[in-house]
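Working notes, structure below.
In the numbering used here, the protein residues as written are 128 to 288.
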């Protein structure tokens with residue numbers, strides 16, 4: 128027989144199951160689909176180019192480097208406070224800069240001013256919905272090359288002087 132007490136108990140059980148399912152899904156949602164974790168970035172000057180190296184744990188994901196009018200943080204759209212006359216955006220996807228529990232694994236610079244020949248600033252601009260992005264402030268428009276390296280996985284962006 129279906130009574131009001133039994134209906135209340137069933138509704139409560141359904142609510143608990145739904146809440147438990149949502150809680151169990153949280154860590155899985157935070158994990159990268161490919162396991163690619165962006166863990167560090169290094170920037171250095173060389174005689175004919177400035178180099179950015181982005182270290183990745185796991186397989187190197189798709190990466191793009193493009194010129195943009197200005198740098199903005201992913202998600203919020205707020206301006207990145209780096210001065211420059213030209214800007215590059217580096218994006219890796221699918222990738223994350225955190226682990227399944229949501230704790231940051233990225234240990235590189237988050238926002239830094241530099242005094243290299245071309246690179247004047249560097250920022251982590253996003254770790255959002257499977258995209259990890261960086262912004263690069265340059266003193267003028269110039270060319271660049273991108274190299275993908277393995278063992279360990281890393282993306283190298285050389286910015287010409």
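Idealized CB from N, CA, C, for every residue including glycine. Predicted, not measured: the structure shown is a model, and the values here were computed from it.
Going by DSSP, residue 218 is part of the beta strand (DSSP E) stretching over 213-220. The secondary-structure analysis by DSSP pairs residue 260 across a beta bridge with 218, 253. Per DSSP, reduced to three states, the secondary structure at residue 248 is strand. Its Cα nearest to that of residue 253, the residue 238 stands out among 238, 282, 245, 247. Excluding five sequence positions before and after residue 220, the CB atoms of its chain that fall closer than 7 Å to its own CB belong to 188, 189, 257, 258, given in chain order. In terms of Cβ geometry, residue 175 and residue 217 do not form a close pair [threshold 9 Å].
Residue nearest to residue 288 within the set 280, 246, 277 is 246 (criterion: CA-CA distance). By the C-beta density criterion, residue 278 is exposed, having fewer than 16 other C-beta atoms within 10 angstroms. According to the DSSP secondary-structure assignment, residue 189 is paired through a beta bridge with 220. Exclusion of the five residues before and after residue 197 leaves 206, 214 as the residues of its chain whose Cβ lies within less than 7 Å of its Cβ.
Note on residue 280: 16 or more other CB atoms within 10 angstroms of its CB, so buried under the neighbour-count rule. Between the alpha carbons of residue 234 and residue 185 lies a gap of roughly 16 Å. With contacts defined by Cβ atoms closer than 9 Å, residue 240 and residue 266 do not form a contacting pair. Excluding sequence positions up to five before and after residue 182, its CB lies within less than 6 Å of the CB of 166, 167, 281, all in the same chain and listed in chain order.
Remark: C-beta atoms of residue 283 and residue 269 do not approach each other more closely than 9 Å.
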